[in-house]
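Beneath this line is the structure, given in structure tokens, with notes to follow.
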Amino acid sequence: MEQAAKSYKRARKLAKWTPYLFISPWIVGILLFTVGPLVFSLIMSFFNWPVTSKPKFIGLGNYSKMFTDDPQFYKSLWITLKFAIFYVPLSLGISLILALLITQNVKGVKIFRTIFYLPAVVSGVAVSIIWGWIFNTKYGILNYALSLLGIEGPKWLVDPNSAIISIVIASAWGVGTMMLIFYTNIKGISPDLYESAAIDGAGPFRQFWSITLPLITPTLFFNLITSTISALQQLTLVLLLTNGGPLKSTYFYGLFVYNNAFKHHKLGYASANAWFMFIIILLLTALIFRSSSVWVFYENEVKNKPARGGKGK
Amino acid sequence: MKTSAWYKTIIYSLLVLFSIYFLFPFIWIVLTALKTESEVYQYPLVFFPGGWRFSNFVDAWNAQPFSKYLLNSITITVLTTIGQIISCSMIAYGFSRYEFKFKNGLFILLLATMMIPWDVTMIPLYMQFNLFGWINTLKPLIIPAFFGSAYYVFLLRQFLMGVPKELEHAAKIDGANDFQTYSRIFVPIMKAPLTLIAVLNILSVWNDYLGPLIFLQDRSKYTLALGLAAFKGVHELQIIPIMSITILMIIPPVIAFLFAQKYIVEGISGAIK
Numbered sequence: 001m002e003q004a005a006k007s008y009k010r011a012r013k014l015a016k017w018t019p020y021l022f023i024s025p026w027i028v029g030i031l032l033f034t035v036g037p038l039v040f041s042l043i044m045s046f047f048n049w050p051v052t053s054k055p056k057f058i059g060l061g062n063y064s065k066m067f068t069d070d071p072q073f074y075k076s077l078w079i080t081l082k083f084a085i086f087y088v089p090l091s092l093g094i095s096l097i098l099a100l101l102i103t104q105n106v107k108g109v110k111i112f113r114t115i116f117y118l119p120a121v122v123s124g125v126a127v128s129i130i131w132g133w134i135f136n137t138k139y140g141i142l143n144y145a146l147s148l149l150g151i152e153g154p155k156w157l158v159d160p161n162s163a164i165i166s167i168v169i170a171s172a173w174g175v176g177t178m179m180l181i182f183y184t185n186i187k188g189i190s191p192d193l194y195e196s197a198a199i200d201g202a203g204p205f206r207q208f209w210s211i212t213l214p215l216i217t218p219t220l221f222f223n224l225i226t227s228t229i230s231a232l233q234q235l236t237l238v239l240l241l242t243n244g245g246p247l248k249s250t251y252f253y254g255l256f257v258y259n260n261a262f263k264h265h266k267l268g269y270a271s272a273n274a275w276f277m278f279i280i281i282l283l284l285t286a287l288i289f290r291s292s293s294v295w296v297f298y299e300n301e302v303k304n305k306p307a308r309g310g311k312g313k
Numbered sequence: 001m002k003t004s005a006w007y008k009t010i011i012y013s014l015l016v017l018f019s020i021y022f023l024f025p026f027i028w029i030v031l032t033a034l035k036t037e038s039e040v041y042q043y044p045l046v047f048f049p050g051g052w053r054f055s056n057f058v059d060a061w062n063a064q065p066f067s068k069y070l071l072n073s074i075t076i077t078v079l080t081t082i083g084q085i086i087s088c089s090m091i092a093y094g095f096s097r098y099e100f101k102f103k104n105g106l107f108i109l110l111l112a113t114m115m116i117p118w119d120v121t122m123i124p125l126y127m128q129f130n131l132f133g134w135i136n137t138l139k140p141l142i143i144p145a146f147f148g149s150a151y152y153v154f155l156l157r158q159f160l161m162g163v164p165k166e167l168e169h170a171a172k173i174d175g176a177n178d179f180q181t182y183s184r185i186f187v188p189i190m191k192a193p194l195t196l197i198a199v200l201n202i203l204s205v206w207n208d209y210l211g212p213l214i215f216l217q218d219r220s221k222y223t224l225a226l227g228l229a230a231f232k233g234v235h236e237l238q239i240i241p242i243m244s245i246t247i248l249m250i251i252p253p254v255i256a257f258l259f260a261q262k263y264i265v266e267g268i269s270g271a272i273k
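Top to bottom, those sequences are chains A and B.
Every letter in the first sequence is one number past the one before it in the UniProt record's numbering, and letter 299, counting from 1, is 299.
Every letter in the second sequence is one number past the one before it in the UniProt record's numbering, and letter 28, counting from 1, is 28.
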């Protein structure tokens, strides 16, 4: 009897640790690959940290240099902001229009869905090569097509005035994932709503404004945030399409940080740059958390929680 | 009825218009890849290649050690996929089937890690991997995958939340311990969402450029993405081999996507519900 009680106790004790055992890879991983580096990066941001010589503590020196003594910081920030201002509404608009199109009851719609999503599976390197060739000033198909229409096309990547727009166009090519997120949301709306609206005489546009749009606002906001974050972090395409040029017109913030770290080897300074971006992103995410209806999985969390005081001690 | 016909016309025109934007670049690089050098640089542009030179692909492949790059890309992709499947399924199982102290706090932390910009951790990670002696090896690109990824854990957890509790009770009555319940009952149930994360992982790892760019130095360690980008730098004007390799590099992810299209659509809808 006593023996059984003892082994039961031991089993209970073991059972207490079981869930932690299951999540232990994540705990180890986050300490090793996220929290550790994050803390270290914060520490580094207070140091003058060249690769070749010893790091030197300079307090807020990197931050004050960034704000007062580095015109490129503001330029890069402004370029990135400009990109976001073009890219975010455009990508949201296109992906929403695409999602609406592929939820229409027309023939061949599945093929169109595949076509629209396809570029999203292509890598940044391939995207940069494909669009670099399309934008080519001399042999590019885009300006050739425009010339057939009697229009003289811009010089795209070569002209500082059009380089950012070119990157927007190439980036917007990959909105497939955002489209799918809208699509599944719209698909989930009850058809009854549309039927009764149709009986009341509402046309497709009226139905969109009064039913679809209000019901997809959480998704819209989710996509808005993810799209903004990815716009702020844009790097691969810029690195490969223009490498910041021409005349630094596409010297994005991501490239600014990357070059400071891996080209100029100013690791402390680059860490401060990166932390500044992190804070901006955190502020944006705070927006999400404030509006609880938007983070839908949060609602789930609350729903699935057992009643308070039911379990435990 | 008349308005409906109009409506359909508009829908179809838009569908076709957008298809041109999304599909034409693919067509254009295929046509370019099959041309001769002189055809590429002809003006006014010639649309269709005269000779349809499929040998261009072979020439491009031999211009750099692409077989080596391919092997590296495959190694990284396969191993990270295995790593993600094992670790994420375990982690998601722990988060969804148990009550434990700090669970909600830890889960919020997991979600929060998705917001960290890559460059914040990249610099110290580089130094850390340098300390481990991992720079210029494939390890930094593979080993972290065995510790889970927040987004995939989140996707799997969303799925598992919908699986009834009775299942593990039944397994327990049959004498299965926790690990057996996980591996023999829950892993098979998770087949669909695990396929989804496998495909998502394949797409992102296969296409990754920044990771390999930062961690790899020797040509022999290069992945396809790096080799392709290097091509661009060295042979600025050799557009045909560049296009050929681009096409070859796109094929595997496209196939992976076409296979798993159903899972991707369903998986994304599952995650945002």
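Where is the CB? At the ideal position from N, CA and C, for every residue including glycine.
Only a predicted model underlies this, so the values are computations on that prediction, with no experimental measurement involved.
Go ahead and pull the three-state DSSP assignment for residue i.
| i | result |
| --- | --- |
| N72(B) | helix |
| F135(A) | helix |
| P65(B) | coil |
| P25(A) | helix |
| V254(B) | helix |
| P117(B) | coil |
| N48(A) | strand |
| L56(A) | In the sequence under discussion, the amino acid at residue 56(A) is Lys, which differs from the Leu named in the question. K56(A) falls in the strand class under three-state DSSP. |
| K165(B) | coil |
| Y12(B) | helix |
| K75(A) | helix |
| K248(A) | coil |
| K263(A) | coil |
| G93(A) | helix |
Here's the rule: buried if 16 or more other CB atoms are within 10 angstroms of the residue's CB, otherwise exposed. What is residue i?
| i | result |
| --- | --- |
| P306(A) | Note that P306(A) has pLDDT 43, beneath the 50 cutoff, so the model's placement of it is unreliable and the number below is only indicative. Classification for P306(A): exposed. |
| M277(A) | buried |
| S292(A) | In this prediction, S292(A) scores a pLDDT of 45, lower than 50, which makes its location untrustworthy; no coordinate-derived value is stated. |
| R157(B) | buried |
| L41(B) | Looking at the sequence itself, residue 41(B) is Tyr, so the reference to Leu does not match. Exposed. |
| P193(B) | buried |
| A120(A) | buried |
| A198(A) | exposed |
| T242(A) | buried |
| R219(B) | exposed |
If you measure from the beta carbon of residue i to each beta carbon in chain A, is any gap under 8 Å?
| i | result |
| --- | --- |
| V205(B) | no |
| L125(B) | yes |
| Y209(B) | yes |
| G105(B) | no |
| K8(B) | yes |
| D218(B) | no |
| G50(B) | no |
| T113(B) | yes |
| M249(B) | yes |
| A225(B) | yes |
| A229(B) | yes |
| K172(B) | no |
| S19(B) | yes |
| Y263(B) | no |
| T181(B) | no |
| G94(B) | yes |
| Y12(B) | yes |
Would a check of beta-carbon distances place residue i closer than 8 Å to chain B?
| i | result |
| --- | --- |
| G61(A) | no |
| Y144(A) | yes |
| V168(A) | no |
| M277(A) | yes |
| S190(A) | no |
| P89(A) | no |
| F22(A) | yes |
| G244(A) | no |
| V125(A) | yes |
| A101(A) | Checking the displayed sequence, the identity of residue 101(A) turns out to be Leu instead of Ala. With 8 Å as the cut-off, L101(A) counts as an interface residue toward chain B. |
Since residue i contacts residue j with CB under 8 Å, what's their CB separation in whole angstroms?
| i | j | result |
| --- | --- | --- |
| M249(B) | L228(B) | 6 Å |
| V199(B) | Y263(B) | 7 Å |
| I202(B) | A150(B) | Actually they are not in contact, since the Cβ atoms of I202(B) and A150(B) sit about 18 Å apart, beyond 8 Å. |
Using 8 Å as the cut-off, can you tell me whether the stretch 215–232 of chain B makes contact with the stretch 134–151 of chain B, which would need three or more C-beta pairs spanning the two stretches below that distance? Counting Cβ pairs under 8 Å, three or more are found: they touch.
So, does the stretch 68–83 of chain A touch the stretch 204–213 of chain A, judging by three or more C-beta pairs under 8 Å? Verdict: no, contact absent.
Name the residues in the stretch 205–221 of chain A whose C-beta lies less than 7 Å from a C-beta of chain D; which are they? This model lacks chain D altogether, as its protein chains are A and B.
Tell me, please, whether the stretch 182–199 of chain A touches the stretch 164–172 of chain A by the rule of three or more beta-carbon pairs shorter than 8 Å. No contact exists between the stretch 182–199 of chain A and the stretch 164–172 of chain A.
Pairing CB atoms from the stretch 217–230 of chain A with CB atoms from the stretch 103–119 of chain A, are three or more of them under 8 Å? Pairwise C-beta distances place the stretch 217–230 of chain A out of contact with the stretch 103–119 of chain A, as fewer than three of them are shorter than 8 Å.
Stretch-stretch touch, CB-based, cutoff 8 Å, three pairs: the stretch 140–156 of chain B with the stretch 38–46 of chain A: Counting Cβ pairs under 8 Å, fewer than three are found: no touch.
For the structure I just gave you, are there three or more beta carbon pairs, one from the stretch 100–119 of chain B and one from the stretch 52–64 of chain B, closer than 8 Å? Proximity of the stretch 100–119 of chain B to the stretch 52–64 of chain B falls short of the contact definition, fewer than three beta-carbon pairs being nearer than 8 Å.
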